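Below is one structure, written out as structure tokens; comments come after it.
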Amino acid sequence: MELIWVCPLLGTTDYVEAELSDSIRSIALRLLWKYNDQVIELLGDSYGNIRAQPNISLVSVKVYQIIKGRKRPISLKSSIHDLDKGNKKFYWNPEPIGGDLELFIEHVNDLLNFNHNNEWKLIDENDSSQGVFSSSKWRDGVKRVTQIKHSLGYPKNPPIIKVTPPPKDPCFDNEGFLHFALSGNIPVWKKYHSHKNPLIYLIDELYDKYGLDLFFDLET
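Quick note on numbering: the numbering used here labels position 133 of the sequence shown as 134, and the sequence is numbered without any gaps.
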């Protein structure tokens with residue numbers, strides 16, 4: 002049977018011949034290797050602050066279908082035989098292995114609950130794992146878009162912070178990625194990465210330093 006596999010992140014559509022006994026994992030991995038170079042380039046941003054060259058062996062795949070307008074996750078252990086034969090369209094996205102993605106999602110959702118002025122929004126309104134963004138005016142008067150995304154090794158390692166247009170500040174590179182500072186050879190991130198929700202403390206520090214038009218009451 003012929004299946005349609007779409008990767009929104011890569012912008013690709015593939016028509017895949019499959020048997021009912023084929024696993025979702027085998028098809029997903031086949032496409033992952035087919036688009037090896039594009040995946041490596043795409044996930045370069047996802048390794049953000051670590052700046053390690055991604056390796057395809059460090060990449061997993063998330064598969065889902067759209068059922069009645071909502072995403073329905075599909076287990077990689079499933080076979081085609083286990084699924085609705087009438088829905089032949091699948092969506093897949095590559096993502097880096099490592100770190101606690103579920104904890105990041107929990108922190109993102111918690112952050113949105115603190116978001117009284119609705120300044121922060123999901124990058125993908127149907128998927129908290131993609132992180133959040135805010136469009137706000139900084140202290141220098143420039144309106145910028147700030148993105149917070151999951152990174153390899155989170156929360157031990159900081160999330161990815163990318164700002165567009167890039168601030169003229171030594172903590173940011175030319176692409177707008179934030180490089181976390183050191184304090185006495187110890188990353189500043191370590192002073193709050195073990196908090197209940199370090200993302201909120203991170204945003205509060207960004208506000209304090211750069212004047213982001215947003216404030217969280219950390220006492221509530």
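Glycine included, C-beta positions come from ideal geometry on N, C-alpha and C.
Given the structure is predicted, the values throughout are model-derived calculations rather than measurements.
Cβ-based burial, residue i [other Cβ within 10 Å; buried from 16]
i, result
"Trp34", "exposed"
"Ile5", "exposed"
"Leu104", "exposed"
"Asn175", "exposed"
"Ser22", "exposed"
"Asn158", "buried"
"Lys122", "exposed"
"Lys192", "exposed"
First and last residue of the uninterrupted alpha helix (DSSP H) at residue i
i, result
"Asp209", "Pro199 to Tyr211"
"Ile5", "Premise fails: Ile5 lies in the beta strand (DSSP E), Glu3 to Cys8, not in any alpha helix (DSSP H)."
"Ser27", "Ile25 to Lys35"
Spatial distance of residue i from residue j (CA atoms)
i, j, result
"His194", "Glu120", "23 Å"
"Ala29", "Trp93", "7 Å"
"Lys63", "Tyr155", "18 Å"
"Asn198", "Leu11", "31 Å"
"Ser1", "Leu112", "Because the chain here runs from 2 to 221, residue 1 falls outside it and cannot be looked at."
"Ser129", "Lys86", "28 Å"
"Ser137", "Asp170", "17 Å"
"Gln148", "Pro160", "10 Å"
"Phe134", "Leu84", "35 Å"
"Cys172", "Trp139", "15 Å"
"His196", "Leu203", "10 Å"
"Glu18", "Val7", "14 Å"
"Leu43", "Gly70", "26 Å"
Reference residue i, options the options, closest by Cα
i, options, result
"Val40", "Glu206, Asp125 and Glu96", "Glu96"
"Lys31", "Leu77, Arg73, Gly12 and His151", "Reading off the sequence shown, one finds Arg at residue 31, where the question assumed Lys. The candidate whose alpha carbon is nearest that of Arg31 is Leu77."
"Glu20", "Lys163, Glu3, Ile67 and Phe115", "Glu3"
"Asn127", "Gly142, Val109 and Asp141", "Val109"
"Lys72", "Val60, Asn88 and Ile204", "Asn88"
"Thr14", "Leu112, Tyr36 and Glu42", "Tyr36"
"Thr165", "Ile149, His151, Phe181 and Arg145", "Arg145"
"Arg222", "Ser61, Lys169, Gly177 and Pro9", "Coverage of the chain is limited to positions 2 through 221, which leaves residue 222 absent and any answer about it impossible."
"Val143", "Val133, Asp38 and Pro168", "Pro168"
"Ile201", "Glu107, Cys172, His180 and Asp141", "Glu107"
"Asp141", "Pro9, Asp38, Tyr211 and Leu43", "Tyr211"
"Leu102", "Phe115, Asn114, Lys150 and Gly70", "Lys150"
"Asp205", "Phe115, Phe173 and Pro9", "Phe115"
Where the beta strand (DSSP E) containing residue i begins and where it ends
i, result
"Phe181", "Here Phe181 belongs to no beta strand (DSSP E), and DSSP marks it neither H nor E."
"Arg73", "Arg71 to Ile75"
"Ile162", "Ile161 to Thr165"
"Glu1", "Residue 1 is absent from the structure shown; the chain starts at 2 and stops at 221."
"Asp83", "Unbroken run through Asp83: none, as it is neither H nor E."
"Glu176", "No beta strand (DSSP E) holds Glu176; DSSP gives it neither H nor E."
"Val60", "Val60 to Ile68"
"Ser152", "Taken as a continuous stretch (DSSP letters only), Ser152 belongs to no beta strand (DSSP E), as it is neither H nor E."
Own chain partners of residue i with C-beta closer than 6 Å, once the 5 adjacent residues on each side are dropped
i, result
"Lys90", "Ile5"
"Ile68", "none"
"Ser24", "Ser80"
"His82", "Leu21"
"Lys163", "Gln148, Gly177 and Phe178"
"Pro9", "none"
Close Cβ partners of residue i (< 7 Å) along its chain, the five nearest in sequence each way excluded
i, result
"Tyr65", "Lys72, Arg73, Pro74, Ile75 and Tyr92"
"Asp125", "Gln131"
"Phe181", "Asn50, Pro159, Pro188, Val189 and Trp190"
"Tyr16", "Glu3 and Ile5"
8 Å Cβ shell around residue i - same chain, five flanking residues per side excluded
i, result
"Ile51", "Low per-residue confidence applies at Ile51: pLDDT is 36, beneath 50, and the placement is therefore not dependable enough to give any value."
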